[in-house]
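Numbering (the working numbering), first residue to last: 31 to 245.
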């Protein structure tokens with residue numbers, strides 16, 4: 031436990047030291063916080079608004095610790111979410127193809143290689159803790175909710191209305207930007223059986239309740 035806390039503190043201090051000219055300083059300059067949930071067009075949105083600066087998938091607790099409660103509360107916080115069925119399928123296909131870095135590739139080889147289809151992955155893979163804890167498969171609410179599962183965002187955009195919601199963000203931030211379509215996977219409608227949809231809904235129930243109650 032002590033080693034875990036030490037490693038977390040070391041990582042946090044590393045971010046502090048590298049604050050200048052990073053996305054963290056850009057957020058302060060723009061007076062906003064973009065919460066990049068995996069497989070929700072985050073790369074396109076981030077590059078369109080902030081430039082080609084690589085950044086990970088951080089949650090509410092990280093930003094509260096980094097900026098402090100007062101600054102955190104003063105920033106305009108926004109995110110984008112996606113239909114949980116399609117997001118899971120997109121994440122699965124993305125990682126099966128090797129992902130975007132060595133960590134993704136290693137995870138895919140270790141944990142996804144055995145599954146020959148998405149249906150098999152849902153039926154067997156979602157039962158495994160190590161899969162559900164991987165960043166691309168974590169429920170969306172875990173990135174943008176507090177410890178009481180309350181959404182702390184000022185604006186929640188949706189992939190289904192991406193262009194309209196992106197323009198809403200630009201207008202609020204007073205930024206002129208054109209949305210770049212990068213790394214946005216498409217999923218055809220009606221691709222999932224009722225059995226598969228039921229399993230996914232059970233695993234991502236809070237995402238459905240908070241963001242897609244009508245699905």
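C-beta atoms are modelled at their ideal positions from N, C-alpha and C, and glycine is treated no differently.
Output the boundary residues of the alpha helix (DSSP H) element that contains residue i.
i           : result
residue 152 : 148 to 154
residue 79  : 72 to 80
residue 106 : No alpha helix (DSSP H) contains residue 106, which is instead part of the beta strand (DSSP E) from 106 to 111.
residue 142 : Segment: none, residue 142 is in no alpha helix (DSSP H) and carries neither H nor E.
residue 196 : 192 to 203
residue 167 : First-last for residue 167: undefined, no H or E at that position.
residue 5   : With the chain running from 31 to 245 in the structure shown, residue 5 is simply not present.
residue 134 : 132 to 137
residue 243 : No alpha helix (DSSP H) contains residue 243, which DSSP labels as neither H nor E.
Excluding the 5 residues preceding and the 5 following residue i in the sequence, name in chain order all residues of the same chain whose CB lies nearer than 7 angstroms to its CB.
i           : result
residue 179 : 171 and 236
residue 60  : 203
residue 31  : Confidence at residue 31 is low in this model, with a pLDDT of 49, below 50, so its placement is unreliable and the value that follows should be read with caution. For residue 31, where only same-chain residues beyond five positions count, there are no Cβ hits under 7 angstroms.
With DSSP collapsed to three states, give me the class of residue i.
i           : result
residue 181 : strand
residue 186 : strand
List the endpoints of the continuous beta strand (DSSP E) containing residue i.
i           : result
residue 175 : No beta strand (DSSP E) holds residue 175; DSSP gives it neither H nor E.
residue 63  : 62 to 65
Run the CB neighbour count on residue i, radius 10 Å, all protein chains shown included, and call it buried at 16 or more, exposed below.
i           : result
residue 113 : buried
residue 192 : buried
residue 228 : exposed
residue 118 : buried
Please list, in chain order, all residues of the same chain as residue i whose beta carbon is under 8 angstroms from its beta carbon, the five residues on each side excluded.
i          : result
residue 34 : Model confidence at residue 34 stands at a pLDDT of 43, short of 50, so the residue's coordinates are unreliable; what they give is reported in the following sentence. Closer than 8 angstroms at Cβ, skipping near neighbours: no residue.
Counting only the same chain and skipping the five closest in sequence on each side, list residues whose C-beta sits under 6 angstroms from that of residue i.
i           : result
residue 47  : Note that residue 47 scores 41 on pLDDT, short of 50, meaning its location in the model is unreliable; the coordinates nonetheless yield the value given after this. Excluding positions up to five away in sequence, the list is empty.
residue 168 : none
residue 87  : 66, 68 and 165
Please determine if the stretch 65 to 80 and the stretch 99 to 109 are in contact, where contact requires at least 3 C-beta pairs separated by less than 8 angstroms.
-> Result yes; three or more Cβ-Cβ pairs closer than 8 angstroms.
How about the stretch 126 to 138 and the stretch 78 to 97: do they share at least three Cβ pairs that are nearer than 8 angstroms?
-> In the pairwise beta carbon analysis, the stretch 126 to 138 is classified as not touching the stretch 78 to 97: fewer than three pairs are separated by under 8 angstroms.
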